[in-house]
Every structure is written in C-alpha cells, then in structure tokens.
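Reading through the structure tokens given below for one structure.
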Amino acid sequence: MKNLRKLLILILVGLFLTGCGKKDDAKAGEGKDLPKEKVSFLLDWEPNVNHAGLYVAMDKGFFEEEGIEVEVNQPPANGAESLVASGKADFGVSYQDTIAPAFASDEPLPVTALAAIINHNTSGIISMKETGIERPKDMEGHNYATWGLPIEQAILRQVITDDGGDFSKVELLPENVVNAVQAISGKIDSVWVFFQVDGVLAAKENVPINYFAFRDISPVFDYYTPILIANNDFLENKEDVAKRFMRAFVKGYEYAAENPKEAAEILVKINPELDKDFVEKGMEYLADKYQDDAKYFGQIDPDRWNNFYQWLWENKLIDKEIPKDFGFTDDFVNPEKLK
Numbered sequence: 001m002k003n004l005r006k007l008l009i010l011i012l013v014g015l016f017l018t019g020c021g022k023k024d025d026a027k028a029g030e031g032k033d034l035p036k037e038k039v040s041f042l043l044d045w046e047p048n049v050n051h052a053g054l055y056v057a058m059d060k061g062f063f064e065e066e067g068i069e070v071e072v073n074q075p076p077a078n079g080a081e082s083l084v085a086s087g088k089a090d091f092g093v094s095y096q097d098t099i100a101p102a103f104a105s106d107e108p109l110p111v112t113a114l115a116a117i118i119n120h121n122t123s124g125i126i127s128m129k130e131t132g133i134e135r136p137k138d139m140e141g142h143n144y145a146t147w148g149l150p151i152e153q154a155i156l157r158q159v160i161t162d163d164g165g166d167f168s169k170v171e172l173l174p175e176n177v178v179n180a181v182q183a184i185s186g187k188i189d190s191v192w193v194f195f196q197v198d199g200v201l202a203a204k205e206n207v208p209i210n211y212f213a214f215r216d217i218s219p220v221f222d223y224y225t226p227i228l229i230a231n232n233d234f235l236e237n238k239e240d241v242a243k244r245f246m247r248a249f250v251k252g253y254e255y256a257a258e259n260p261k262e263a264a265e266i267l268v269k270i271n272p273e274l275d276k277d278f279v280e281k282g283m284e285y286l287a288d289k290y291q292d293d294a295k296y297f298g299q300i301d302p303d304r305w306n307n308f309y310q311w312l313w314e315n316k317l318i319d320k321e322i323p324k325d326f327g328f329t330d331d332f333v334n335p336e337k338l339k
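Counted the way full-length UniProt numbering counts, the sequence shown spans residues 1 to 339.
Structure (structure tokens):
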C-alpha cells in the first residue's frame, strides 16, 4: 500500500529545520498580532484532493490569521514519517497502517497522529465489471496486482477467507501500478485503490467497474488513512504554534467540505499541473467524507484505532504489541481544546 502512495512522487524538495520557541497561550485569531512562525509540512505524494483543506487554508488566509507561514514540501520515496520524527519537518501526512511498525518498537518513532484527514477508509478492490468480481470470494481464479506488503496481503487473505473464498486461488502479480484504470483494462484483473483517485478516474473516463470497500467487509479494516502527524518535540516545545496551525488546518478542511467546487479551484490554482475536471470530481466525492459521521473534523475514534492495531498484533504483522491509545491525541482537533 505504501508503494501506491509513493509512485506519483516527483521530486524531493529541500527541508528546513524549525526554530525553537517558548510556549504561550495564543487564542484563535491572535496569531496575526504575534511574530510570524514558520512551519514545515510534508505531503505524502503529489498534491491531490486529500490535501485540499491545507491549500484552502493557505489561499483563504486562515494560516495568516494565526500568524503561521507554511512551507509545503513533497517527501522522499520512504515517506514523511522519518523526516517528521527527526524534526526536519513539523507536520506530515501518514497512514495508520504504514506507521504501525514504527510504533511497534522498543523505541517508537517520536511522532503523534493529530487528525484523521478522511474519517473512513476509502480503499478497496477495483476491477472491470466484465470480470465479475463483486465481492472478495470472486477474486478466486483471477489475478491481483500486489506490492508484496505483508499487511496488504494479510488483509486481502482475511476478507477473502471470511467471504468463503480461498486466497491461494488468487494469482498474485508483483506490479507497481501507476494507473489502476489503465491496468485493469489490460492484463490485470484487480487492484487495491483509493476510490477518490481511481474510482473517480474510472467514472470520468466512463470505464465500467466493480468495486468493494474494505470497511464494508469488516469494521477492523476501517482504519485511518490518511492521517496528519507531527513531531513530538515540536508539540511539546511549541504547543501554541501547533494549535494555531491546527486551528487554521481544521478551518481549511471544514471550508473545503462546505465548498467543494471552490476548494477544487484553489487546489488547481496553486497546483496548475493538476487536471481540473478530475480534481472537481474528486472533491465532489470526498467533500462529505472528510468529517463524515465524526463529531468534528479530524476526530480519531480510539476503538477503531486500537482494534486495527490489535488485529495486526494478533496476526503477527508487527513485532511488538502497540499499547492501547498509543500514537494519537485529540488535543489538536477537539474544538473545546483548540479555543
């Protein structure tokens, strides 16, 4: 899965260390009266609708209102996690599944998840309608483009088995698929995708597909992807700056959800290499999914977080059990705590 998110990364941009500072008690909107604070933000791959709220907050002046200047960069091929942990970036985009091995360690990576960027897992299996793959069991006798990742294949094995199928009857083809719609139009029968990308692309190109979502198969697989992470030292030493950033970040996603067409226009304006029609359709799909049924944008449900990590441990997919409620906090998205 991690490979899918990295395939479209184009370049590594220079990163800058953030300065140290003392905590203060800045309230919402007071940042404009304080000295400017520069923070660095690492995407997970090239700009897309998952990042719309960030760019909206930049364009609408929400960060400026909080006295925050944001430098947005793309990560190296191994992702944002290590650079955020090292302090070379303050914030970054990650995923609950990807970061699990780094938490399941005697020395866990010093980062914390602050927000669920999308409330529910939007990933699943896509195939051409003519293949007849409507549910996990139907993958028997067909091939699947795999990245060869243990968690990826364990999830697939689980959903196929639970549906009464035989995972050994699925032909695994090691493939780094860049365009899933193009792939399933050729020799590939099925691919793991994120619907806001490849599902939307299929609709845009009028390609008839079947799709099933992992969260619909088992609630355990409704894990958080993507998530916003931050460096632990930064959160401790610059808590006020982090909260000012988060107030603007949350406001940006709330605005994007309420104004998807404008958010798409902003995303394309700042990133003109993007296809406007594709972005608009992606925003139409994703607008009501950022928060969905959560009490507020970014909320992480402890039970969902813990249940997925417990499943990883029980299935021997991580080296050490991750403690309950480890690796995330509600302090930077809960409206009562952001005042």
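Each residue gets a CB set at the ideal place from its N, CA and C atoms; glycine is no exception.
Following the DSSP letters along the chain, one finds residue 171 inside the beta strand (DSSP E) bounded by residues 171-174. Boundaries for residue 161: no beta strand (DSSP E) harbours it, while the alpha helix (DSSP H) harbouring it runs 150-162, taken from the DSSP string. For residue 115, the enclosing beta strand (DSSP E) has its first and last residue at 111-116.
Apart from sequence neighbours up to five positions away, the residues of its chain that approach residue 56 with a beta-carbon distance below 6 angstroms are 252, 255, 256, 263 and 266, ordered along the chain. Residue 159 is not a Cβ neighbour of residue 105, given a cutoff of 8 angstroms. By the neighbour-count criterion, in which a residue is buried when 16 or more other Cβ atoms sit within 10 angstroms of its Cβ, residue 272 is exposed.
Beyond the five residues adjoining it in sequence on each side, residue 80 comes within less than 7 angstroms, by CB distance, of 42, 44, 89, 92, 93 and 94 in the same chain, given in chain order.
Distances from the CA of residue 170 to each of 152, 137 and 192 were compared; the closest alpha carbon is that of 137. Here the C-alpha atom of residue 237 lies approximately 28 angstroms from the C-alpha atom of residue 295. CA-to-CA, the gap between residue 174 and residue 201 works out to about 23 angstroms.
Pairing residue 183 with residue 129, the inter-Cα distance amounts to about 14 angstroms. Taking a C-beta distance under 8 angstroms as the contact criterion, residue 214 and residue 123 qualify as a contact pair. Under the three-state reduction of DSSP, residue 253 is assigned to helix. Taking C-beta separations shorter than 6 angstroms and ignoring five residues to either side along the sequence, the partners of residue 337 in its chain run 331, following chain order. Contact between the region 227-247 and the region 62-69 is present: 3 or more CB-CB pairs across the two stretches fall below 8 angstroms. Residue 60 and residue 206 have their C-alpha atoms some 34 angstroms from each other.
Residue pairing by DSSP places residue 315 opposite no residue, since no beta bridge is assigned to it. The three-state secondary structure of residue 213, taken from DSSP, is strand. Restricting attention to 108, 71, 58 and 62, the CA atom closest to the CA of residue 82 is found in 108.
With a cutoff of 8 angstroms on beta-carbon distance, residue 125 and residue 212 are scored as near each other. Residue 111 holds the alpha-carbon nearest to the alpha-carbon of residue 234 among 54, 58 and 111. The Cβ-Cβ distance between residue 292 and residue 142 does not fall below 8 angstroms.
Taken through DSSP and simplified to helix, strand or coil, residue 146 comes out as strand. In the three-state reduction of the DSSP assignment, residue 42 falls in the strand class. In the same chain as residue 317, and ignoring 5 residues on each side of it, the C-beta atoms closer than 6 angstroms to its own belong to 150, 151 and 154, in chain order. One alpha carbon belongs to residue 48, the other to residue 75, and they sit about 14 angstroms apart. A residue is called buried once 16 or more other Cβ atoms fall within 10 Å of its Cβ, and residue 258, having fewer, is exposed. The straight-line gap separating the alpha-carbon atoms of residue 162 and residue 269 is approximately 45 angstroms. Residue environment analysis places residue 222 among the buried positions, since at least 16 neighbouring C-beta atoms fall within 10 angstroms of its C-beta. Taking every protein chain shown into account, the CB of residue 260 has 16 or more other CB atoms within 10 angstroms, so this residue is buried. Membership of residue 53 in the alpha helix (DSSP H) is indicated by the continuous run 52-59. For residue 286, the enclosing alpha helix (DSSP H) begins and ends at 276-286.
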